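In order, the protein sequences belong to chains A and B. The opening residue of the first sequence carries number 0 in numbering that gives the first Met the number 0; numbering runs sequentially from there. The opening residue of the second sequence carries number 0 in numbering that gives the first Met the number 0; numbering runs sequentially from there. One structure is given below, encoded as structure tokens.
2 protein chains.
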Amino acid sequence: MSSVALALDFGGTKVEAALVSADGVVIPGTRFRRPSGGSSDSATLQRAVLDVVREAHAALAPEHELLGVGIGSAGPITLAEGLVSPLNVPAWRDFALRDLVQRELPDVPVTLQMDGICITLAEHWVGAAQGYDNVMGMIVSTGVGGGLVLGGRTVAGPTGNAGHIGHIEAGGFDDACPCGGRGCLEAVASGPRTVAWARTQGFTGSTGEELAAAHRAGDPVAIAAIERSGRAIGQVVASATSLVDLEIVAIGGGFSHSSPRLFEAAREAVAERREFGFVTKVKIVPSGLSHDGPLIGAGALVHRADRVGG
Amino acid sequence: MSSVALALDFGGTKVEAALVSADGVVIPGTRFRRPSGGSSDSATLQRAVLDVVREAHAALAPEHELLGVGIGSAGPITLAEGLVSPLNVPAWRDFALRDLVQRELPDVPVTLQMDGICITLAEHWVGAAQGYDNVMGMIVSTGVGGGLVLGGRTVAGPTGNAGHIGHIEAGGFDDACPCGGRGCLEAVASGPRTVAWARTQGFTGSTGEELAAAHRAGDPVAIAAIERSGRAIGQVVASATSLVDLEIVAIGGGFSHSSPRLFEAAREAVAERREFGFVTKVKIVPSGLSHDGPLIGAGALVHRADRVGG
Numbered sequence: 000m001s002s003v004a005l006a007l008d009f010g011g012t013k014v015e016a017a018l019v020s021a022d023g024v025v026i027p028g029t030r031f032r033r034p035s036g037g038s039s040d041s042a043t044l045q046r047a048v049l050d051v052v053r054e055a056h057a058a059l060a061p062e063h064e065l066l067g068v069g070i071g072s073a074g075p076i077t078l079a080e081g082l083v084s085p086l087n088v089p090a091w092r093d094f095a096l097r098d099l100v101q102r103e104l105p106d107v108p109v110t111l112q113m114d115g116i117c118i119t120l121a122e123h124w125v126g127a128a129q130g131y132d133n134v135m136g137m138i139v140s141t142g143v144g145g146g147l148v149l150g151g152r153t154v155a156g157p158t159g160n161a162g163h164i165g166h167i168e169a170g171g172f173d174d175a176c177p178c179g180g181r182g183c184l185e186a187v188a189s190g191p192r193t194v195a196w197a198r199t200q201g202f203t204g205s206t207g208e209e210l211a212a213a214h215r216a217g218d219p220v221a222i223a224a225i226e227r228s229g230r231a232i233g234q235v236v237a238s239a240t241s242l243v244d245l246e247i248v249a250i251g252g253g254f255s256h257s258s259p260r261l262f263e264a265a266r267e268a269v270a271e272r273r274e275f276g277f278v279t280k281v282k283i284v285p286s287g288l289s290h291d292g293p294l295i296g297a298g299a300l301v302h303r304a305d306r307v308g309g
Numbered sequence: 000m001s002s003v004a005l006a007l008d009f010g011g012t013k014v015e016a017a018l019v020s021a022d023g024v025v026i027p028g029t030r031f032r033r034p035s036g037g038s039s040d041s042a043t044l045q046r047a048v049l050d051v052v053r054e055a056h057a058a059l060a061p062e063h064e065l066l067g068v069g070i071g072s073a074g075p076i077t078l079a080e081g082l083v084s085p086l087n088v089p090a091w092r093d094f095a096l097r098d099l100v101q102r103e104l105p106d107v108p109v110t111l112q113m114d115g116i117c118i119t120l121a122e123h124w125v126g127a128a129q130g131y132d133n134v135m136g137m138i139v140s141t142g143v144g145g146g147l148v149l150g151g152r153t154v155a156g157p158t159g160n161a162g163h164i165g166h167i168e169a170g171g172f173d174d175a176c177p178c179g180g181r182g183c184l185e186a187v188a189s190g191p192r193t194v195a196w197a198r199t200q201g202f203t204g205s206t207g208e209e210l211a212a213a214h215r216a217g218d219p220v221a222i223a224a225i226e227r228s229g230r231a232i233g234q235v236v237a238s239a240t241s242l243v244d245l246e247i248v249a250i251g252g253g254f255s256h257s258s259p260r261l262f263e264a265a266r267e268a269v270a271e272r273r274e275f276g277f278v279t280k281v282k283i284v285p286s287g288l289s290h291d292g293p294l295i296g297a298g299a300l301v302h303r304a305d306r307v308g309g
């Protein structure tokens, strides 16, 4: 018999489930997907979740022993009760996602955490942060999210929402954020916000891919836009390291691939904190995960349960 | 017999030692002090430390059982080797403070942590954060420092420098910081920096006490200065809560007493993060510690060793 986890990843645009092996691999042929998203009602979302859970469960082979279900969800969440309120999914506010899945599979334990925590656990397990016990995982995409592993264990916090790196402010920026704050990293450095800033400077494209292409072509506005966002990322990494003494930050997500310059600008901003070796020591590296990362991380809630902290 | 800790607090202007009881009280008549500070050479600083340690040790009564020594030091520190490099004490860079004390008292365990961590442990033990397990302690004085208790245990980080809340940036501020960064909380909201900003607006005093007096008298520049610093404190508390899901922040230090308006402005800034209940839930309260707080916290490293994390 080989031990497997059923992993579920619920995000703002899609929900996916798959079987994840004990060595951190999505088992081929077991991955299923449905759209989720802003315009769906709760019944449609629930059906999408149950569809992919049933499909992944039906993919169990005779040699598989199902240890449990791990769920990563877009936040905010309420950890103790297993409720989710994804910012971009208005139909779900305090929705009992964990109980929905538990009723479907009553015989195995079901664990739910914020998706950013799952991704960080995956980086720590099989990604770019292997060998480090003080890690921040980050996703820079349509939003900016993340999670923490401190002292070798995930930090969820009393409500389960620790790791909201997109809502740490960056000095000198005051862009309005949907959370109600100003100067939050997500309001500066997400793909859409970076494009929006570039457009104020004359850029005529409308997507992160177009901005990346313009950057490759040497367009000075695209270069300035990516440097601005990279710099904000670095400032916030420096702030987070001041607070929790990180060793390494692994950054993934669609917009993180726009240019290596994004990473260089982030590292330059960290290096300015020259008086504090404990800050400048932090490494900023690209994610070591494939596009399976979120599912591997949800599976890690089961396979690496000893690394899941309070 | 009653169990006592020998507590040592090493700061930028003074070094103190005292005996601390198992219920978190500085035993009367056991507290001793010497100046430290920027102009002293290393030999003078070492003598000052040994003087107060010997004096406190000589104050042990026949009924006292000495469990160990707890040291809180201004940071940065290097936890594993027990080295200190206090920013305002240039004579000590990677100075082996823990070993100095261990040689003096070879028969008991000696523990060293950053002073902000000690203060937070004291707030958690006998101060304003009793009953909460996700706490930030803060000192707002000539500098801004702090520490974290997460999940009921202190977080030191791999180098021992977690809790440097003064070097989280505040959105919209870009004041130059001695650490090399810009917009760090310490560069905005410390007592001296608040006074310096007020002077750019026409304030003619030169101390935090004068600024507090002007505020009480209704001076609009003093009011604006204290609101500006309180707002920056609140912004950084919101950022820190986004990252580690704090329940309560206890703020002490000389400048924190300048006006209740400082706390109100901080709370107003947190409340603006209206979409995130896990952020707006954080309480901001005055420290519950007397001026014995740093020593009680150093003593807590011994008496509350089960609460001291990695």
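For every residue, glycine included, the Cβ atom is placed at its ideal position computed from N, Cα and C. On a predicted model such as this, the values are computed, not experimentally measured, just so you know.
Item                                                                                                                : Value
7 Å Cβ cutoff, I116(A) in contact with chain B                                                                      : no
Neighbour flag for F94(B) against chain A, beta carbons, 7 Å                                                        : no
Below-7 Å beta-carbon distance, N160(B) vs any chain A residue                                                      : yes
Coarse secondary structure for G170(A), derived from DSSP in three states                                           : strand
Spatially closest choice to A304(B) from L210(B), H123(B), L104(B), by CA coordinates                               : H123(B)
Beta-carbon proximity list for R317(A), same chain, < 8 Å, skipping 5 on both sides                                 : In the structure as shown, chain A begins at 0 and stops at 309. Residue 317(A) is therefore absent and cannot be evaluated.
Proximity winner among C178(A), A221(A), C183(A), relative to T199(A) (alpha-carbon distances)                      : A221(A)
Three-way DSSP call (helix, strand, coil) for C183(B) in this model                                                 : strand
Element boundaries [alpha helix (DSSP H), containing F262(B)]                                                       : 259-270
Neighbour list for D173(B) in chain A, Cβ cutoff strictly below 7 Å                                                 : G170, G171
Contact list for L149(A) against chain B, beta-carbon separation under 7 Å                                          : V154
Chain B within 7 Å of N87(A), Cβ atoms only                                                                         : no
Given R97(A) as reference, the closest of V52(A), A60(A), K13(A), L65(A) once Cα atoms are compared                 : V52(A)
Backbone CA spacing between A21(A) and S1(A) [nearest angstrom]                                                     : 8 Å
Identity of the residue in G298(A), V14(A), H290(A), V243(A) nearest D132(A) by Cα                                  : V243(A)
Near-chain A residues of the region 234-268 of chain B - C-beta to any C-beta below 7 Å                             : Q234, A237, S238, A239, S241, L242, V243, D244, E246
Three-way DSSP call (helix, strand, coil) for T153(B) in this model                                                 : strand
CB of A197(B) within 7 Å of CB of L210(B), strictly                                                                 : yes
Close-in-space but distant-in-sequence residues of the same chain around P293(B) (CB under 7 Å, 5 per side omitted) : D8, G71, D114, C117, I118
Inter-residue Cα distance where the pair is Q45(A) and I232(A)                                                      : 35 Å
N-terminal and C-terminal residue of the beta strand (DSSP E) that H256(B) is part of                               : Where H256(B) is concerned, there is no enclosing beta strand (DSSP E), given that its DSSP letter is neither H nor E.
Whole-angstrom distance between R266(A) and V48(B), CA atom to CA atom                                              : 39 Å
Close Cβ partners of K13(A) (< 8 Å) along its chain, the five nearest in sequence each way excluded                 : R32, R33, P34, S35, G36
For I116(B), the three-state DSSP class (helix, strand or coil)                                                     : helix
A169(B) and V187(B) closer than 7 Å at C-beta                                                                       : yes
Status (buried if at least 16 other CB within 10 Å, exposed otherwise) for Q112(A)                                  : buried
Minimum Cβ-Cβ distance from E80(A) to chain B less than 7 Å                                                         : no
Within 7 Å, strictly: CB atoms of G69(B) and A16(B)                                                                 : no
Residues bridged to D8(B) (per DSSP)                                                                                : E15(B), G71(B)
Collapsed DSSP secondary structure at P285(A) in the structure displayed                                            : strand
Cβ shell of T206(B) (< 7 Å), same chain only, five flanking positions each side left out                            : V194
Sequence-distant residues of its chain with Cβ nearer than 6 Å to E246(B) (five each side left out)                 : Y131, N133
Beta-carbon neighbours of I283(A), restricted to chain B and to distances below 7 Å                                 : Ordered by position in chain B, no residue passes the 7 Å Cβ test against I283(A), which lies about 16 Å from the chain.
For G11(A) and A73(A), believed in contact at Cβ under 8 Å, the rounded distance                                    : 6 Å
Through-space distance from A55(A) to L65(A), alpha-carbon basis                                                    : 11 Å
Cβ pair L120(B), T153(B) closer than 7 Å                                                                            : yes
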